[in-house]
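See the structure below:
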């Protein structure tokens, strides 16, 4: 399955539309920037081969080739599938500077990226399961 690079198209919806279309936890994570409790998201444990898409708009964000077990309690990846398919912004909430990971198409909050990951990038994209949908691909 070839991944499509983000082409600049935007998905803008009202808060009431997002609330109606998304499951409650996905809404809280994607739209209100909440964090699901550690070790509760099913995709943290997923070992199937496939693509992780934004649960808000379906943009391909990560692939199992970049996933690893960080033991943090959330799905972790050392790189996005395509670098343009994530948007990174400074997040100074909770009196600490972090880098937030957003979907560039729908501005959904996916999680945060940290510089304590494995080679080859040294990065850990720590992503909420509720912000993702998984699509299996054939071996």
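In my numbering, the protein residues as written are 22 to 160.
Ideal Cβ placement from N, Cα and C applies to all residues, glycine included.
Every value quoted in this text rests on a predicted model; they were computed, and no experiment measured them.
Cβ distance (whole Å) where residue 149 is taken to contact residue 57 below 8 Å
Indeed, because the Cβ distance is near 5 Å, the residues count as touching under 8 Å.
Assumed close pair residue 115, residue 134 - CB separation to whole angstroms, cut-off 8 Å
Approximately 16 Å separates the beta-carbon atoms of residue 115 and residue 134; this is outside 8 Å, ruling out the contact.
What is the rounded straight-line gap between the Cα of residue 85 and the Cα of residue 99?
Taking the CA atoms as reference points, residue 85 sits about 10 Å from residue 99.
Proximal residues to residue 79 (C-beta, below 8 Å), its chain only, five neighbours per side dropped:
So the list reads 154, once near-sequence residues are dropped.
Host beta strand (DSSP E) of residue 121 (start-end):
Where residue 121 is concerned, the enclosing beta strand (DSSP E) stretches over 119-123.
Sequence-distant residues of its chain with Cβ nearer than 8 Å to residue 59 (five each side left out):
93, 94, 95.
Can you list, in chain order, the residues of its chain whose CB lies under 6 Å from that of residue 22, leaving out five sequence neighbours each side?
Interpretation of residue 22 is limited by its pLDDT of 49, a score under 50 that renders its predicted location unreliable; no figure is taken from the coordinates.
Look at the Cβ atom of residue 55, then the Cβ atom of residue 64, and state whether they are nearer than 9 Å.
Against a cut-off of 9 Å, the Cβ pair of residue 64 and residue 55 comes out as no contact.
Distance CB(residue 27)-CB(residue 105) smaller than 9 Å
Contact flag set, yes.
Have a look at 40, 113, 88 and flag the residue whose alpha-carbon is nearest the alpha-carbon of residue 76.
Relative to the Cα of residue 76, the nearest Cα in the group 40, 113, 88 belongs to 40.
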